[in-house]
Structure formats: structure tokens, C-alpha cells
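Colleague: Provided herewith is a single structure, encoded as C-alpha cells, for subsequent inquiry.
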Amino acid sequence: MTQVRVPFLFALIVALVFAIGMAVMPHPPQIADVGDKWQHMTAFGTLTLLSVLAFPYGSLLRIGERLSFLGAMIEVVQSIPALHRDCDIMDWVADTAIIVAVLLVARLLRGRRLDTRRGH
């Protein structure tokens, strides 16, 4: 059975609902005065961090694969003409790049945590 940290899982669910909601709104409000790629990277960096914290012993590869897939699906949904949004493959690339970066840091920290348990 996978160990779950409930407060982080709750925060992850809230962040997922917010990110998906903002992604499918025809005219989302401007949250910050930054570019679209930065917004994508902030959203997916946050989702990745919350996923790692919610599932401390979960597979990092699985977390990365599923979040990258979510980013791709958001781009597919944004290609629906009625939404008046732009589908941009580079948004998915930005999503995946930050996912990988956060997971690499998480892997390094997990390795360090295991070393301290072993007394190294």
C-alpha cells in the first residue's frame, strides 16, 4: 500500500483543479504579469512538488509520466476551437522540463534521506 500524506494530497487536488480550470477557461484572468511559459512552469513545478510530497515513496518516474501526460492533454483540450485557446507544443515541453527538473531534485533529496537512515 502506498503511503499518502493527506495534507499534501489535499493541496495537490486543489492545485490540480485550479490548474485544469485555468487551462480550459476561454478567457482566464491574468494572475501574474509573466509570460505563458512561466505560468506553465510554475503550475507544473507546483504540481510536481506537491505530488512528491503527497506520495513520499511513490515512483518518481510514474509521477513524471502522469504529469507530463496531463500537460499534453491540456494542450489537446486547448486546441478545441470553442475554447479560443492556443495549442502550443512548446507549452508541453516547458511543462515536462520543469517536471523533470523538480523530480531530479527530489531524487537527489530522497537519496540523501536514504543515506542518513543507513548512517552514512
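Read in order, the letters of the sequence shown are residues 319 to 438 in this note's numbering.
Even glycine gets a Cβ: it sits at the ideal position worked out from N, Cα and C.
What residue range does the alpha helix (DSSP H) around P325 cover?
Modeller: That run of the alpha helix (DSSP H) goes 324-342.
Colleague: Are I417 and L385 close, meaning C-beta to C-beta below 9 Å?
Modeller: Cβ distance < 9 Å, so I417 and L385 count as in contact.
Colleague: Please state the DSSP three-state secondary structure of R425.
Modeller: Here R425 sits in helix by DSSP.
Colleague: Does the Cβ-Cβ distance between Q321 and F387 come in under 9 Å?
Modeller: No, these two residues do not count as a Cβ contact at 9 Å.
Colleague: Could you check if E393 is buried or exposed, using at least 16 other CB atoms within 10 Å of its CB as the buried criterion?
Modeller: E393 is buried by the Cβ-count criterion.
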